[in-house]
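Residue numbers (the numbering used here): 1 to 222.
The beta carbon of each residue, even a glycine, is placed where N, CA and C say it ideally should be.
As the structure is a computational prediction, the values presented were derived from the model and not from experiment.
Below: one structure, written as structure tokens.
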Ligand code: NAD
């Protein structure tokens with residue numbers, strides 16, 4: 001089981017949210033990543049997300065993402081539970097991926113509930129033909145993770161023998177506590193992160209360095 005956060009995609013050039021150079025140092029999340037902010041000014045929130053889409057569109061998955069996808073070929077069963085919304089794990093061919101916080105390329109109509117995925121950056125239409133606003137189909141601050149997604153993640157986590165957490169600061173709940181379910185069931189926990197985190201003490205092993213280099217130590221490349 002790989003449990004990934006924003007640090008997983010840092011080497012692709014996508015800034016993390018916390019830590020040095022993090023997005024929330026520059027933007028106040030309350031104005032850009034809450035349902036309240038969207039209700040107040042959907043265009044402001046879309047401008048922010050269009051900027052994110054353009055940034056992600058200009059980046060590519062790195063060797064670490066590919067190593068995780070390759071692990072599916074050598075290990076009996078591999079699941080990726082990610083907090084990332086960039087879609088990079090699927091893009092490199094990982095098949096069992098649970099996207100806890102949704103996907104930046106999916107939008108949901110706030111009026112009729114239609115969901116669609118396309119990769120325009122920026123997004124051409126901000127309103128669905130029914131007249132409702134599209135909103136990014138991602139989990140903002142204060143949103144609940146859809147129950148079916150939580151259930152899928154919990155099922156996979158409870159069954160895993162080894163959980164490798166990569167690039168997550170471990171402060172966003174409920175995602176942060178999911179690895180602890182694996183620990184309770186006797187799994188071996190490995191943390192990959194250049195820095196110590198709020199959850200580090202729960203892990204049996206720590207690989208202090210960037211995701212791609214540390215994954216190369218864990219996953220055979222061929
Ligand atoms: P975070 O921004 O809170 O923390 C990032 C962590 O990654 C830090 O602990 C940092 O030390 C570590 N890190 C930095 N560079 C690294 C590297 N090269 N290799 C490994 N680790 C590295 O991230 P979070 O815990 O995932 O929480 C932020 C939330 O924001 C997530 O829920 C996610 O949905 C969202 N987010 C997604 C993306 C993305 O899709 N790429 C980017 C930013 C934020």
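When DSSP states are grouped into helix, strand and coil, residue 139 belongs to the coil group. Taking a cut-off of 8 Å for Cβ pairs, the segment 26-33 and the segment 87-104 do not touch, as fewer than three such pairs fall below it.
Proximity of the beta carbon of residue 132 to the ligand NAD is not indicated: no heavy atom of the ligand is located closer than 7 Å.
Note on residue 141: under 16 other CB atoms within 10 angstroms of its CB, so exposed under the neighbour-count rule.
Counting C-beta pairs closer than 8 Å gives three or more between the segment 75-88 and the segment 5-25, which meets the contact rule. Exclusion of the five residues before and after residue 5 leaves 83, 167, 168 as the residues of its chain whose Cβ lies within less than 6 Å of its Cβ.
Rounded to the nearest whole angstrom, the CA to CA distance from residue 122 to residue 204 is 43 Å.
Of all alpha-carbon atoms in 162, 57, 158, the one lying nearest the alpha-carbon of residue 76 is that of 162.
In terms of side-chain proximity, the C-beta atom of residue 9 is found nearer than 7 Å to a non-hydrogen atom of the ligand NAD. Under the three-state reduction of DSSP output, residue 40 falls in the helix class.
Measuring C-alpha to C-alpha distances from residue 177 to each of 154, 195, 196, 194 identifies 154 as the nearest. In the displayed model, residue 94 falls within coil according to three-state DSSP, outside both helix and strand. Assignment of residue 63 by DSSP, reduced to helix, strand and coil, places it in the helix class.
Considering only 144, 66, 164, 132, the residue with the shortest C-alpha distance to residue 34 is 144. Assignment of residue 100 by DSSP, reduced to helix, strand and coil, places it in the coil class. Every beta strand (DSSP E) stretch that sits fully inside the segment 146-198 and reaches 3 residues is listed by chain position as 162-166, 188-192.
In the three-state scheme derived from DSSP, where H, G and I count as helix and E and B as strand, residue 49 is classed as helix.
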